[in-house]
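What follows is a set of notes on a single structure, which appears directly below.
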Amino acid sequence: MKEFKVLLMLSIILMGCENQNVQNSGGIWHLKDGIFNADGTSKKAIIGSEKDVEIAMELFDAYTNLDSQRMVELSADIVKFHPAEIAGMIEVDASNTAFIDQIQSTFESIDRTVSNITPVAVEGSDNYTVVGILYTQVITHKDGSISSGSYFERIHVENEKVVRIVQWMRPFSIDF
């Protein structure tokens, strides 16, 4: 009887150690240039690189701190920018600070509160991550006016450089 109890306990322990099937990829990843598996099926999305998250957040923080030079250092020479406030895409010469300085020329300060950060990559990619950042932003302008919004931004990092920024915005008002 004692041996039976030992075997029963051992069986319970071993059953508890079974490999749990944890999903680590999912969805469908379709891009214009077509990233597909050899059989024609779509690649899946996976959690992206922590290094790319650090690069995206450095760029995010540099913008918040009005540090255009640091933004240039983190960016590819040309960055495809999809601003929240206008339709379309702008190819920005990010080899210098002119574009960023122009955008921030009326800013006194920027206050941002991040809700979440999610890095997503395509299966098999070692050098490309899309970092999604959900945040609120309050800009105080030099004339004393304030603008604010709730943003979702996707910062595309390829080969350790920011290559694309896509923004969506929902306005909100701040009662002071």
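Per my numbering, the very first residue in the sequence shown carries number 8; after that it's consecutive. Note that the Cβ used here is the ideal one computed from N, Cα and C, for glycine as well.
Following the continuous beta strand (DSSP E) through residue i, name the residue where it begins and the one where it ends.
| i | result |
| --- | --- |
| Leu66 | From DSSP, Leu66 is part of no beta strand (DSSP E) but of the alpha helix (DSSP H) over 57-71. |
| Asp100 | 97-100 |
| Ser82 | 82-89 |
| Ala45 | Counting along the chain, Ala45 falls outside any beta strand (DSSP E), and DSSP gives it neither H nor E. |
| Ile93 | Looking at the DSSP string, Ile93 is not in any beta strand (DSSP E), and its letter there is neither H nor E. |
| Lys168 | 168-177 |
| Gly34 | 33-36 |
Less than 8 Å separating the beta-carbons of residue i and residue j?
| i | j | result |
| --- | --- | --- |
| Phe88 | Ile172 | yes |
| Ile62 | Glu160 | no |
| His148 | Phe114 | yes |
| Val169 | Ser112 | no |
| Ala91 | Trp36 | no |
| Asp84 | Ser102 | yes |
| Val121 | Ile93 | no |
Just checking my contact of residue i with residue j at CB under 8 Å: how many whole Å lie between their CB atoms?
| i | j | result |
| --- | --- | --- |
| Glu165 | Lys51 | 19 Å between Cβ atoms; not a contact. |
| Gln144 | Ser152 | Rounded, the Cβ-Cβ distance is 14 Å, inconsistent with contact. |
Output the boundary residues of the alpha helix (DSSP H) element that contains residue i.
| i | result |
| --- | --- |
| Asp108 | 105-110 |
In terms of DSSP beta bridges, what is residue i paired with?
| i | result |
| --- | --- |
| Leu141 | Asn123, Phe159 |
| Asp118 | Val145 |
| Glu165 | Tyr135, Lys168 |
| Val129 | Ala52 |
| Ser152 | Paired residue(s): none; Ser152 is not in a bridge. |
Item checked: Contact the segment 127-138 vs the segment 53-66: 3+ CB pairs below 8 Å -> yes
Check: How about the segment 120-134 and the segment 98-111: do they share at least three Cβ pairs that are nearer than 8 Å?
Finding: no
Item checked: Validate contact between the segment 100-109 and the segment 75-89 using beta carbons, cut 8 Å, 3 pairs -> yes
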